[in-house]
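To start, the structure itself, in structure tokens.
In the numbering used here, the protein residues as written are 1144 to 1390.
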């Protein structure tokens, strides 16, 4: 596919193929090895090279989209009595960064990714952001190279079972929890200002920025591959900071 893959990554193709096979994926269906290898390259690792080197950010964008569709389908088909509002909360909980990072650790994806020396030094291999994105990138690859049925099988095997533990606790989005905090402390409802932050060479929006505002004052901001994700992560940023300051 014309992707530039560093030699040290290319040399790991047999090991990474064996890793994918260990997760129950039929690796005989790998049609684009370079795209497969790009799945495991974090942008920090790619940034260390002078030439433009492939990384997994675009696959993460694809994975985010297909994951939402697959989870929505599973919740609809497997929970015929569940209301739309409850399905929405479970979907948010299942695709939440922390949940995806947990699954990445469960399947050993944290040990397979290539990150920069700086990220290694700052324990980037343990960061939920990097691990959550890596999981979405893997789903993005599976979708692009093998199709939706393979993604669905993978999600059923490794992510959807998390609904059991999620169901044992009240399910709320960070946006909902932040709204409760702001209403209680400021007697107003928070608002969000969204803007296009990153655009690719084809003029497609790759990343949005969302600012969380209270009485018009910015309290937090974050980025996401769509407006909804950016808002949820901005709310998460606010919630975690508020929690830390309240301890």
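From the three backbone atoms N, C-alpha and C, an ideal C-beta is built for every residue, glycine too.
_Is the separation between the beta-carbon of residue 1181 and that of residue 1146 shorter than 8 Å?_
yes
_Proximity below 8 Å, CB of residue 1381 to CB of residue 1356_ = no
*Just the Cα atoms here: how many angstroms apart are residue 1195 and residue 1148?*
10 Å
*Can you say whether residue 1266 is buried or exposed, counting buried as having 16 or more other CB atoms within 10 angstroms of its CB?*
exposed
*Just checking, does the stretch 1228-1237 make contact with the stretch 1258-1275 on the three C-beta pairs under 8 Å criterion?*
no
*In chain order, what residues of the same chain lie with their CB nearer than 8 Å to the CB of residue 1241, ignoring the 5 residues before and after it?*
Excluding residues up to 5 positions away in sequence, 1271, 1275 lie with their Cβ nearer than 8 Å to the Cβ of residue 1241 in the same chain.
*Entirely enclosed alpha helix (DSSP H) segments - the stretch 1184-1269, minimum 4 residues*: 1186-1189, 1200-1221, 1227-1238, 1240-1249, 1260-1264
*asked:* Just to check my reading of the structure: residue 1298 and residue 1210 have Cβ atoms closer than 8 Å, yes? What is that Cβ distance to the nearest angstrom?
replied: 7 Å
*Residue of 1198, 1205, 1233, 1204 minimising C-alpha distance to residue 1216*: 1233
*Hey, out of 1150, 1361, 1225, 1168, whose CA is closest to residue 1281's CA?*
1168
_the stretch 1308-1322 in contact with the stretch 1361-1380 per 3-pair CB rule at 8 Å_ = yes
*Is DSSP giving residue 1352 helix, strand or coil here?*
Three-state result, residue 1352: strand.
*Euclidean distance between Cα positions of residue 1166 and residue 1172*: 14 Å
*Could you give the DSSP three-state label for residue 1343: helix, strand or coil?*
coil
_What would DSSP say about residue 1177, mapped onto helix, strand or coil?_
helix
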